[in-house]
Amino acid sequence: MGFFLRRLSFYFIALLFAATLNFIIPRAMPGDPVTMMFANATFEVTPERIAAMKELLGFVDGPLYEQFFIYIKSVLTWDLGISVQFFPLSVNTVLGNAVGWSLFLAGTAVLFSFTLGSILGIFAAWRRGSKFDTIVSPGMLVIQAVPQVVTAMLLLFIFSITLRWFPTSYAYTAGVTPDWTSWTFLKDVAYHAALPLLGASIVQIGGFLIAMRNNMINLLGEDYITMAKGKGLSENRIVFNYAARNAMLPSVTALSMSLGMAIGGQMIIEIIFNYPGLGTVLLNAINARDYQVLQGQLLVMTLFMLFFNLLADMLYVLLDPRLRKGA
Amino acid sequence: MFANFKKTKITALVLAVSATLAPQVAIAEKSELVIHPKEFPTLIRNFNPFLTTSNLHTTADFIYEPLVIFNEMKGNEPVFRLATGFEMAKDLLSVTFDIREGVKWSDGEKFTADDVVYTFNLIKAKKGLDFSGANKVVTSVKKINEYKVEFKLSEPNSNAPYDIVKVPVVPQHVWSKIDKPEEFLNENPVGSGPFTAIETFTPTLYVQCTESTYWDSANLDVDCLKVPQIANNDQFLAKAINSEIDWSSNFIPDIDKTYASKNPHHKYWLTPAGTQSFVINFKNPDAAKNEALTNVDFRRAFSMAIDRQTIIDIAFYGAGVKNDFASGLGYAFESWSDEAVHNKYKKFNTYNVEGAKALLAKAGFKDINDDGFVETPSGKSFVLEIQSPNGWSDFNNTVQLAVENLEEVGIQAKARTPDFAVYNKAMQDATYDVAYTNYFHGSDPHKYWNSAYNSKFQTSASPRFAMHHWKNEKVDSLLNSFYKTADKAEQVKIAHQIQAIIAADQVTIPVMSGLNNYQYNTSRFTGWWNEKNPQGRPMSFSGIPERLLQVLDLKPVK
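Going down the list, the sequences are from chains A and B. Going by this note's numbering, the first sequence opens with residue 49, and the numbers climb by one from there. Going by this note's numbering, the second sequence opens with residue 1329, and the numbers climb by one from there.
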């Protein structure tokens, strides 16, 4: 119990700290939303027009501490304010429209690469030094080392532009009204998600593979594995029930962290494939100096990160009896 | 059994195919014009005509038709739309508009003077809705009769009708019931323009079509506007090259090769746009730079060092016209120019390396420390930083070329490409050295000169255009008096005086007059405006009311 309380109070302080940073960072950037809005204006920008715009958006040039208290209040009441760029939509609506696509894209990519990476890692460790291990393990690391921008652009160029097998943008065909009960629509979504998913997954597999492989190799030298072998247990049983189960522990943290990050969206992938997720929202909010959306987005990212960290902590307790006794 | 299964499968397939095809066939009978007015990260269903920074850019003109369209290319010649005429009072203190009879809102209600009066009172009451600054021009509005409205003006202003028609007139019977018009998304607009029915709306595409209520439907052959979501210029290029867009106004690098050569239906036409200049900071905090930049001979030498034609050819792919007017006026406004003044200072705005060196030497700028670059007359060395906003690639290349030009005559300079916000702030705070910027174009030189030289635009809330921080009371008062007369000869006289003062001081360093981008596709529609049919400004974006007139000229290809 003490363990949980200690963790919880830590997370609360971390949240407050992160919320403060969320407030400071956007304001440390030069420029303000109204200036950015008129940056490329094709019409005359008179002081009257700027004044009208500020009035419309409800800009208060109050002292910073006042703005800060308003902000903290909005965080606690989950009233994140109104977007400047998409006025008069609320931040909740703007983020709400994008969060589903990001969770779907990034979440699926993480789970897929975790599953595939871990299984490949188990085999690579069990048959360490084999042809499979010598090709797949370094191969995946090489792919991981290539910046995501490059892999994503290559995928887009080869499969969408040159071969025209996949679409170049959108989450589903432009002009189609989403109908989640229709099989055709789901297929359309899958078709549009294929390349972004591949781009988001392929670079993550290597990390999970190597983590799993290394843990396994450490464990395979343990006495209880020798004992299990000596008892004459089947190979499958040794690999999955004895070795892999214990080797999972550090990988669970990695998975949890990745899921926490996933909510931030796959920014690069989303922008290259014009996918309507949170990453695209974040970049646009930065460009437009849309403080409210930026703050909201960063806050959601923080909360997710902390939540999945907490989840990892709790899973540890479940998976590792030593922690339960320690508490 | 297997045979049965196959049959049902085929039947189902046929049914499915016909089901998906059926509505498409219905749509295909209508002519759809694919227009790209603006980049959006996602489409939000917002047709509120007052929220010009967040609404969809087919709202103005196409849903809310203007009273009058002033055709800028033809010297602001009025084309009467929802109004049939207007009359200025002799003292220029009021103007009366005649409203067209027989115009209907898209819900069938009559369009009358009441709607006009309601709209102008609305933007008086809700100042945030006054995006065009009409409140400053109009003090009150009065209904004379069902089809006549009188506007009282705040000062004598011959340009008032132009400002008045920028305000979109909305239906009183709908908007008076809206609680907060400033937060109203107007998802199903009741409008007066040609395309008021939103037939399809998704975050990636929308289609708005014409309705039988439209007053000028006899002249309209386009049934619908189709607007795909495009997030940035790269995505636009991919679609344009694929012939997916009929009408756009984007920058296409090396347009002949990348666009026009790909398809015989791909066409473009470049029309005159505003002056582009180097702006000099007259309030530089650095003593050495201040000494140089406030010296008129130095500014002239700077201007003589610039190889304008090379900049146009390389940075703008040839799309531009040299501007050698010390006043920045440009050849598009030659009829307003005092040619004696233009010719007197022309040599200072023409590429001449030796002349620039000689002028620098004469003004006391010499290379004392033998580094190859001149020092100020008082012996201080300096390096000018020339800024242009990050990502504005034609501007960045211009600055890069200018830096090479300047070094050739012995002026040490560096190119800087800060983020737009940083660039803009430095200009407002007068902490920059030199910046490159574009300016507005208008039907007369007032729009450019006023935004570029009127010192009332040098406050911290103003845009970048007048941020040389040079002030001249005579110029200010001349600019403010420009529209106090409706007499063109009088205005030309004022223009000549303004030109003389600015040119004598070489306040900015004009480089070129830009050109507006405009691309059209003749595979689905004909009748486009182009160099053989120059009816007006042809751009597709919001802020160009002439785009409505062009749509009325288009005919679908059968």
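Glycine residues also receive a C-beta, built at the ideal position from the N, C-alpha and C atoms.
- Residue pairing from DSSP places B:Ile1363 in a beta bridge opposite B:Trp1575.
- With a threshold of 8 angstroms between beta carbons, A:Val237 makes no contact with chain B.
- For B:Ala1546, there is no enclosing alpha helix (DSSP H), since its DSSP letter is neither H nor E.
- When rounded, the separation of the alpha-carbon atoms in B:Ile1826 and B:Lys1617 is 27 angstroms.
- For B:Pro1838 against B:Thr1603, the beta-carbon gap comes to about 5 angstroms, under 8 angstroms, which counts as contact.
- Judged by DSSP in its simplified three-state form, A:Ala295 adopts helix.
- Contact between B:Val1502 and B:Ile1427 does not hold, since the beta-carbon distance rounds to 18 angstroms and is not under 8 angstroms.
- Collapsing the DSSP output to three states places A:His240 in a helix.
- In this model, B:Lys1432 and B:Val1535 are separated by some 22 angstroms (Cα to Cα).
- Counting only residues of its own chain and dropping the five nearest sequence neighbours on each side, B:Ala1601 has a CB closer than 8 angstroms to the CB of Asn1766, His1769, Ser1841, Gly1842, Leu1843 and Asn1844.
- Within the same chain, Cβ atoms closer than 6 angstroms to the Cβ of A:Ala360 are found at Thr301 and Ser304, the five residues on either side in sequence being excluded.
- Taking a Cβ-Cβ cut-off of 7 angstroms, the neighbours of B:Ser1382 in chain A comprise Gln133, Phe134 and Phe135, given in sequence order.
- At a Cβ-Cβ threshold of 8 angstroms, B:Ser1482 and B:Lys1464 count as neighbours.
- Inter-segment contact for the region 244-253 of chain A and the region 154-174 of chain A is present: three or more beta-carbon pairs are separated by less than 8 angstroms.
- Residues of the region 223-248 of chain A whose Cβ lies closer than 8 angstroms to any Cβ of chain B, in chain order: Gly223, Val224, Thr225, Pro226 and Thr232.
- Against B:Glu1511, the close residues of chain A are Ile130, Phe135 and Pro136, in the order they occur along the chain (beta-carbon pairs closer than 9 angstroms).
- For A:Asn140, no Cβ of chain B is located within less than 8 angstroms of the residue's own Cβ.
- Under the DSSP assignment, B:Tyr1760 falls outside any alpha helix (DSSP H); it carries neither an H nor an E label.
- Residues of chain A whose Cβ lies closer than 9 angstroms to the Cβ of B:Gly1646 do not exist, since the nearest Cβ in that chain is about 22 angstroms away.
- Ranked by Cα distance from A:Asn262, the first of A:Ile209, A:Ala66, A:Arg175 and A:Ser208 is A:Arg175.
- Chain B has no Cβ within less than 8 angstroms of the Cβ of A:Phe356.
- Pairing B:Val1885 with A:Pro186, the inter-Cα distance amounts to about 58 angstroms.
- Between A:Val82 and A:Ile72, the gap from beta carbon to beta carbon reaches 8 angstroms or more.
- In the DSSP assignment, B:Gln1604 falls within the beta strand (DSSP E) that extends over Thr1599 to Ile1608.
- Taking every protein chain shown into account, the CB of B:Ala1546 has fewer than 16 other CB atoms within 10 angstroms, so this residue is exposed.
- For the region 75-88 of chain A, the residues whose beta carbon sits under 9 angstroms from a beta carbon of chain B are, in order, Met77, Pro78, Gly79, Asp80, Val82, Thr83, Met84, Met85, Phe86, Ala87 and Asn88.
- Neighbours of B:Ser1540 in chain A, taken as residues whose beta carbon is under 8 angstroms from its own, are absent, since the nearest beta carbon is some 24 angstroms off.
- The region 1362-1372 of chain B makes contact with the region 1553-1560 of chain B, as at least three CB pairs between them are under 8 angstroms.
- Pairwise C-beta distances place the region 1382-1398 of chain B in contact with the region 1516-1524 of chain B, as three or more of them are shorter than 8 angstroms.
- Those residues of the region 1549-1564 of chain B placed with their C-beta closer than 8 angstroms to a C-beta in chain A are Pro1556, Gln1557, Ala1559 and Gln1563, ordered along the chain.
- Going by beta carbons, A:Trp213 and A:Tyr323 fall outside the 8 angstroms limit.
- When the beta-carbon positions are compared, A:Leu347 and A:Ala67 come within less than 8 angstroms of each other.
- Just measuring C-alpha positions, the residue of B:Gly1700, B:Thr1854, B:Asn1473 and B:Phe1398 sitting nearest B:Gly1738 is B:Gly1700.
- The C-beta distance from A:Gln192 to A:Gly254 rounds to 3 angstroms, short enough to fall under 8 angstroms.
- For B:Asp1507, no CB of chain A lies under 8 angstroms from its own CB, so it is not counted at the interface with that chain.
- Going by DSSP, B:Lys1452 is part of no beta strand (DSSP E) but of the alpha helix (DSSP H) stretching over Ala1441 to Ala1453.
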